[in-house]
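Data first, discussion second: the structure below is written as structure tokens.
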Amino acid sequence: MPLLSLRAVSRDFDVSKPWLERALEREPRRLLRAVDSVDLEVNPGETLALVGESGSGKSTVARLIVGLYAPTSGTVSFSGRRMQMIFQDPYASLNPRWRVHDIVAEPMRILKTKKEVGELLRQVGLAAEDAERYPHEFSGGQRQRISIARALAGEPDLLVCDEPTSALDVSVQAQILNLMTELQRRLGLTYVFISHNLAVVSQVADRVGVMYLGRIVEIAPARELFSHPRHPYTRMLLDAVPDLALSGRPRTPVAGEVPNPLDPPSGCAFNPRCPHANERCRTEKPALIDNVACHAVAEGRI
Amino acid sequence: MTLEVKGLKVEFPSRRGTLTALDGISLSIERGEVLGVVGESGAGKSLTGLSIIGLLEPPGRIAAGEILLEGKRIDHLPPEEMRRIRGRRIGMVFQDPLTSLNPLFTIGQQLEETIVTHLALGKAAARERALSLLREVGIPAPEARYGNYPHQFSGGMRQRVVIALAIAAEPVLLIADEPTTALDVSIQAQIITLLKRLARDHGTAVMLITHDMGVIAETSQRVAVMYAGRVVEVGPVREVIKAPLHPYTVGLMGSIPKISMEKTRLIQIDGAMPRLNAIPPGCAFNPRCPKRFARCLAERPDPIAVGARAAACWLHAAS
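Chains as they are written, first to last, in the working numbering: chain D, 112 to 413; chain P, -8 to 310.
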């Protein structure tokens, strides 16, 4: 049984002008669909990554999972006991007036002792004595370790990580990614890992879902997705990753930008940028068939 | 040589003594060359850029060294003269395009103003030039977008406008500080291609400051790796990436995630870069270095030439 499942989950945001202005200008209400009928399952012990560019709805999915947003339609069901979230910015997510001990002990039902907090801090590579210090005394990487210790304090089954290493330098990012992998192995954690960075995702994920303008366009085991990307958007994203191996691999120049979500293109949202788009793509929204939402793939055109 | 920096030292006097933020930086960029400057936060890469364009915030000051633009010293010029060089001979692109654009003026007005300030052109000619610049940086339908305000552009398009502003007066040197960091990967690739083309077509020397080695691999001919206010390794990009000399570069390259089919453990450099007030004696990297030996704890290495490269590491000293 999956630990977490999302069934046809959508979420709209009201971005209308203030009521009076709208009444005077006779404008209708404007809704922005940030997440559009997303189906997902997360199995115990695995890491599911969601990748996409800004505005793809990946962070909204994270917030829907932990209940910070309620879905407009669809259901989110969780069969575990507890979940925790790790945020991108370790400067904003820790209360600067609290000592580390209080930050880490907060999610615990019964106030934990010094010894238990010290143990948690040691697990994430900090010292037990660090419990007496304040967040400003730590570097970005160390703060993210504190966030992880706090998340672990609640003994969660599921950790939802929203860009946990995006604000960190690469050498520190490597430390945090290694730590997360280690903790997963040791504690049997399940991760939902949100990131815009495909290379990071390839290092941590078991399965990857690619999002574009609120929809999942492709979802597959990581190895499959990175070796045989099927959706044209996934291929484009992989092509855009800078080539550090200096293989001289020719880069397909990517045209265009993510369209305005207030005024999404008809049919497949990717069609204005897609080299394979035809009439059907411009009119009919593709459904996720065999884990890819693309007419060209379904018809065997690519 | 378009730009030469020799032994640049930048200090910040403070109540608790003087902090040395840049300690003997030497760099050079040729006409049409893209030099990548890479390092983690606090390594001093942005400060190097700011020192070159004369925008060092007081109390920071250049304590030693020289900066030469086409052979002439520019590090001791009065502010008024330096202001004429900025924009005219040195163009700048920063990370956040919104901070470089005035929200109250259309992009056409901003471009025209820049062109008229730096070049002896009339209004009609300036407009003509502004339009051709917008076309050159890849803004679709420039005539239609000419009267638009910055907020009407997307992030990638704004960065293109900023680049158009930076090259408006055909500068000999372009300093781009994290120009792609705020952008999505697909847009990032477009901006990289644009910068490369500009350097090639106009012979502009480009200093590309970024934390992202991938961006440098795609654009630059040479790269300078910075750590704790010093250049620890400099050389052709291909060589530095394939066979780094300095242990810090080795760690940095290893810690960059690459697309892989397997979940792997990344190479990590333990610890963090020292703060400016706590730079250890000897080599600044020694507490984190897996290869340190006695000399590293006592003496600070200067760059040592190794073929086309130089590395500030005692491992490469001629014994």
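Even glycine gets a Cβ: it sits at the ideal position worked out from N, Cα and C.
Keep in mind it's a predicted model, so treat the numbers as computed, not measured.
{"Item": "By Cβ distance, which residues of its chain are closer than 6 Å to P:P94, with the 5 residues on each side in sequence left out?", "Value": "P141"}
{"Item": "Beta-carbon within less than 7 Å of P:R283's beta-carbon, same chain only, minus the 5 sequence neighbours each way: which residues are those?", "Value": "N277"}
{"Item": "I need the DSSP call for D:P383, collapsed to helix, strand or coil.", "Value": "helix"}
{"Item": "Within the segment 125 to 169 of chain D, note down every full alpha helix (DSSP H) run reaching 4 residues or more, in order along the chain.", "Value": "130 to 136"}
{"Item": "If I follow the unbroken alpha helix (DSSP H) through P:E72, where does it start and stop?", "Value": "P70 to R79"}
{"Item": "Does DSSP put D:I197 in a helix, in a strand, or in coil?", "Value": "strand"}
{"Item": "Straight-line CA distance for D:E274 to P:L59?", "Value": "42 Å"}
{"Item": "According to DSSP, what are the bridge partners of P:G226?", "Value": "P:V214"}
{"Item": "Between which two residues does the alpha helix (DSSP H) harbouring D:E230 extend?", "Value": "K225 to Q234"}
{"Item": "Closer than 8 Å, Cβ to Cβ, to anything on chain P: give me those residues from the segment 269 to 297 of chain D, in chain order.", "Value": "D280, V281, S282, V283, Q284, A285, Q286, L288, N289 and T292"}
{"Item": "With a CB to CB cut of under 6 Å and the five nearest residues on each side skipped, what residues in its chain are close to P:A167?", "Value": "V84 and L199"}
{"Item": "Report yes if the CB atom of P:R52 is closer than 9 Å to the CB atom of P:E2, and no otherwise.", "Value": "yes"}
{"Item": "Apart from the five residues on each side of it in sequence, which residues of its chain come closer than 6 Å, Cβ to Cβ, to D:T158?", "Value": "Y302, F304, V315, A316 and D317"}
{"Item": "Check for me: the alpha helix (DSSP H) holding P:D192 runs from which residue to which?", "Value": "V176 to H193"}
{"Item": "Taking a cut of 9 Å between CB atoms, which residues from the segment 237 to 264 of chain D lie near chain P?", "Value": "S250, G251, G252 and Q253"}
{"Item": "How long is the line joining the alpha carbons of P:I178 and P:F144, rounded to whole angstroms?", "Value": "13 Å"}
{"Item": "Tell me which same chain residues have a C-beta within less than 8 Å of the C-beta of P:L47, skipping the five on either side of it?", "Value": "V1, L38, L41 and I53"}
{"Item": "Rounded to the nearest angstrom, what separates P:E61 and P:V128 at their Cα positions?", "Value": "26 Å"}
{"Item": "Going by the beta-carbon positions, is the gap between P:R286 and P:G273 smaller than 9 Å?", "Value": "yes"}
{"Item": "With P:E57 as the anchor, note down where its beta strand (DSSP E) starts and where it stops.", "Value": "R52 to L60"}
{"Item": "Please report the distance separating the alpha-carbon of D:Y180 from that of D:V187.", "Value": "11 Å"}
{"Item": "How is P:P238 classed by DSSP in three states: helix, strand or coil?", "Value": "helix"}
{"Item": "Could you give the C-beta distance for D:V211 and D:A242, rounded to a whole number, given that I count them as a contact under 8 Å?", "Value": "5 Å"}
{"Item": "Measure the alpha-carbon distance for D:I214 versus D:A203 and round it to whole angstroms.", "Value": "13 Å"}
{"Item": "Determine contact between the segment 117 to 129 of chain D and the segment 149 to 164 of chain D, defined as no fewer than three beta-carbon pairs at a distance below 8 Å.", "Value": "yes"}
{"Item": "Out of D:R334, D:P201 and D:R122, point me to the one whose CA is closest to D:K169's CA.", "Value": "D:R122"}
{"Item": "Return the first residue and the last residue of the alpha helix (DSSP H) that P:P88 is part of.", "Value": "P88 to S91"}
{"Item": "In terms of residue numbering, what span does the beta strand (DSSP E) encompassing D:Y323 cover?", "Value": "R318 to Y323"}
{"Item": "Whether or not the segment 72 to 89 of chain P and the segment 229 to 242 of chain P are in contact is what I'm after, with contact meaning three or more pairs of Cβ atoms, one per stretch, closer than 8 Å; do they touch?", "Value": "no"}
{"Item": "For chain C, is any of its Cβ atoms less than 9 Å away from the one on P:H202?", "Value": "The structure shown contains no chain C; its protein chains are D and P."}
{"Item": "Cβ closer than 8 Å: which chain D residues qualify as neighbours of P:Q259?", "Value": "S282, A285, Q286 and N289"}
{"Item": "Between P:V84 and chain D, is any beta-carbon pair separated by less than 9 Å?", "Value": "no"}
{"Item": "Pull out every residue of the segment 235 to 255 of chain P whose Cβ sits closer than 7 Å to any Cβ of chain D, in chain order.", "Value": "G242, L243, S246, I247, P248, K249, I250, S251, M252, K254 and T255"}
{"Item": "On a CA-only basis, which of P:S32, P:A159 and P:I43 is nearest D:S282? Give me that one, please.", "Value": "P:S32"}
{"Item": "Indicate whether D:R254 and D:L205 have their beta-carbon atoms separated by less than 9 Å.", "Value": "yes"}
{"Item": "Using only alpha-carbon positions, find the residue among P:V(-4), P:E161, P:A180 and P:D66 that is nearest to P:P170.", "Value": "P:A180"}
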